[in-house]
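Here is the structure we will look at.
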Amino acid sequence: MSTERTTVGFFDSGAGGLTVLAEARRAMPGAAYLFYADTDHVPYGTKTREEVLRYARRAVSFLMERGAEAIVVACNTATSMAIDDLRAEFPLPIVGMEPAVKPAARVYPGSEILICATPLTIAGKKLHTLIDRSFPDGETPTLAALPGLVAMAEEERFDPDEASAYLEAAIPRHEGYAAVVLGCTHFGYFRDSFRRVFGNVDIIDGNRGTVRRLISLLGGTRGDGEGSVTIFESGRQVCDPGRLARYARLLARAQRAAEEN
Ligand code: DGL
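Sequential numbering of the sequence shown, starting at 449, is according to our numbering.
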């Protein structure tokens, strides 16, 4: 490990990306993180592809101007809608997130798998291509769009009773799955509720894989001093103590979820 500090830009529509940032800070605590929450436009999951692409371009170009050496699109929806364009347009490494369908299919061949994501990710071509590739024998996983969890996370409504009731109502069948894939970074805050509703299933997200990919693109972890996190909301640095406290609470919650996972 060298002492040179690396600057990494993270972006999401909102607080979901903090669940990926938490994982990155565990693996690479000494980095300088720039976290861009597009709070002017959250949620992305009910917007159009064109809108999400426009927001994603703005976020990447902002983070690049601020000195990011690599970008993590800590949002499955933005990855699904925009990653190919972003990689073609910006001259820096960009790591995307895709629902962990491939690992779920590999570990549980022939078993029932539930894939949860936003409505836009579920409607997108990328997920269906991924499903076709991951299940060559034609098994069909169950898909569930859960935009309600995005709103709950943004409003810090983490009451497991409320989230469990939402999951029960939004997904018709609760038994028989070997794995539940969390295909939206906001859903990582609700692992306890998924567990309550689906019992002892494997709950899989792509956070660790994404961080591994980031570290490999950076050529290893760098910086063994104190790390830092700077927060931006749609391009404005967050300085208001109340807003900063909100991000500190959410990041602490994401950090606990990452440690328990
Ligand atoms: N956190 C995002 C994702 O991973 C998007 C949630 C939203 O804004 O709808 O898909």
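For glycine and all other residues, C-beta sits at the position ideal for the given N, C-alpha and C.
| query | Which stretch, first to last residue, makes up the alpha helix (DSSP H) that contains residue 548? | reply | Within the sequence shown, residue 548 is the residue found at index 100, counting from 1. Premise fails: residue 548 is in no alpha helix (DSSP H) and is neither H nor E.
| Counting only runs that start and end within the stretch 547 to 633, where is the alpha helix (DSSP H) found for 4 or more residues in a row? | 549 to 555, 567 to 571, 573 to 582, 595 to 602 and 608 to 618
| Does the Cβ of residue 634 lie closer than 8 Å to at least one heavy atom of the ligand DGL? | Numbered from its first residue, the sequence shown carries residue 634 at position 186. Yes, the ligand DGL has a heavy atom inside 8 Å of this Cβ.
| query | Is the closest heavy atom of the ligand DGL to the C-beta of residue 492 under 8 Å? | reply | Numbered from 1 along the sequence shown, position 44 holds the residue referred to as residue 492. Correct: residue 492 has its Cβ closer than 8 Å to the ligand DGL.
| field | Cβ contact (3+ pairs, closer than 8 Å) linking the stretch 539 to 547 and the stretch 649 to 658 | value | yes
| What residue from 605, 592 and 567 has the CA that sits closest to residue 497's CA? | Your numbering for residue 497 matches position 49 in the sequence shown. It is 567.
| message | Is any non-hydrogen atom of the ligand DGL found closer than 8 Å to the C-beta of residue 455, if you look at the structure I gave you? | response | Here residue 455 corresponds to residue number 7 of the sequence shown, with the count starting at 1. Residue 455: no, Cβ never under 8 Å from the ligand DGL.
| Exposed or buried, what is residue 564 when buried is set at 16 or more other beta-carbons lying within 10 Å of its beta-carbon? | Here residue 564 corresponds to residue number 116 of the sequence shown, with the count starting at 1. Looking at its Cβ environment, which holds 16 or more other Cβ atoms inside 10 Å, residue 564 is buried.
| Does the beta carbon of residue 598 fall short of 8 Å from some heavy atom of the ligand DGL? | Residue mapping note: residue 598 aligns to position 150 of the sequence shown, counting from 1. Indeed, a heavy atom of the ligand DGL lies less than 8 Å from the Cβ.
| Is it true that the stretch 695 to 707 meets the stretch 510 to 517, where meeting means three or more beta-carbon pairs spaced less than 8 Å apart? | no
| request: Check whether the Cβ of residue 568 sits closer than 8 Å to any heavy atom of the ligand DGL, and report yes or no. | output: For the purposes of this step, residue 568 is taken as the residue at position 120 of the sequence shown. Correct: residue 568 has its Cβ closer than 8 Å to the ligand DGL.
| Extent of the continuous beta strand (DSSP E) to which residue 457 belongs | Taking the sequence shown and counting its residues from 1, the one referred to as residue 457 is at position 9. Counting along the chain, the beta strand (DSSP E) containing residue 457 begins and ends at 455 to 460.
| Quick one: any contact between the stretch 660 to 676 and the stretch 590 to 599, if contact means 3 or more CB pairs under 8 Å? | no
| request: Have a look at the DSSP bridge pairing and note the partners of residue 484. | output: By 1-based counting over the sequence shown, the position of residue 484 is 36. Answer is 459 and 680, bridged to residue 484.
| request: Give me the Cα-Cα distance between residue 609 and residue 640, rounded to the nearest whole angstrom. | output: Residue 609 sits at position 161 when you count from the first residue of the sequence shown. Residue 640 sits at position 192 when you count from the first residue of the sequence shown. Those two C-alpha atoms are separated by around 10 Å.
| said: Looking at the ligand DGL, does it come within less than 8 Å of residue 477, judged from the CB to the closest heavy atom? | reply: For the purposes of this step, residue 477 is taken as residue 29 along the sequence shown, with counting starting at 1. Not so, every heavy atom of the ligand DGL lies at least 8 Å from the Cβ.
| task | Answer yes or no: the CB of residue 461 versus the heavy atoms of the ligand DGL, is any distance below 8 Å? | result | Reading the sequence shown from its first residue, position 13 is the one you call residue 461. Because some heavy atom of the ligand DGL lies under 8 Å away, the Cβ of residue 461 counts as near it: yes.
| query | Roughly how many angstroms lie between the CA atoms of residue 680 and residue 689, to the nearest whole one? | reply | Your numbering for residue 680 matches position 232 in the sequence shown. Your numbering for residue 689 matches position 241 in the sequence shown. Spanning the two alpha carbons is a distance of roughly 13 Å.
| request: With DSSP as the reference, label residue 650 as helix, strand or coil. | output: For the purposes of this step, residue 650 is taken as the residue at position 202 of the sequence shown. Of the three classes helix, strand and coil, the one that applies to residue 650 here is strand, per DSSP.
| query | Looking at the unbroken beta strand (DSSP E) that takes in residue 520, where does it start and where does it end? | reply | Residue 520 sits at position 72 when you count from the first residue of the sequence shown. Counting along the chain, the beta strand (DSSP E) containing residue 520 begins and ends at 518 to 521.
| said: What does DSSP give as the partner residue(s) for residue 542 in the beta ladder? | reply: Residue 542 sits at position 94 when you count from the first residue of the sequence shown. DSSP output for residue 542 lists 519 as bridge partner(s).
| request: Flag residue 608 as yes when its Cβ comes closer than 8 Å to any non-hydrogen atom of the ligand DGL, and as no otherwise. | output: The count along the sequence shown starts at 1 and reaches residue 608 at position 160. No, the ligand DGL has no heavy atom inside 8 Å of this Cβ.
| message | Could you check whether the Cβ of residue 525 sits closer than 8 Å to any heavy atom belonging to the ligand DGL? | response | For the purposes of this step, residue 525 is taken as the residue at position 77 of the sequence shown. Yes; taking the cut-off as 8 Å, the Cβ of residue 525 has a heavy atom of the ligand DGL nearer than that.
| query | When we look at the beta-carbon of residue 693 and count the other beta-carbons within 10 Å, is it buried (16 or more) or exposed? | reply | The residue you call residue 693 lines up with position 245 of the sequence shown. The residue in question, residue 693, is exposed, as its Cβ has fewer than 16 Cβ neighbours within 10 Å.
| task | With residue 510 as the anchor, note down where its alpha helix (DSSP H) starts and where it stops. | result | Numbered from 1 along the sequence shown, position 62 holds the residue referred to as residue 510. From DSSP, the alpha helix (DSSP H) with residue 510 extends over 497 to 513.
| said: Could you check whether the Cβ of residue 702 sits closer than 8 Å to any heavy atom belonging to the ligand DGL? | reply: For the purposes of this step, residue 702 is taken as the residue at position 254 of the sequence shown. False, no ligand heavy atom lies under 8 Å from that Cβ.
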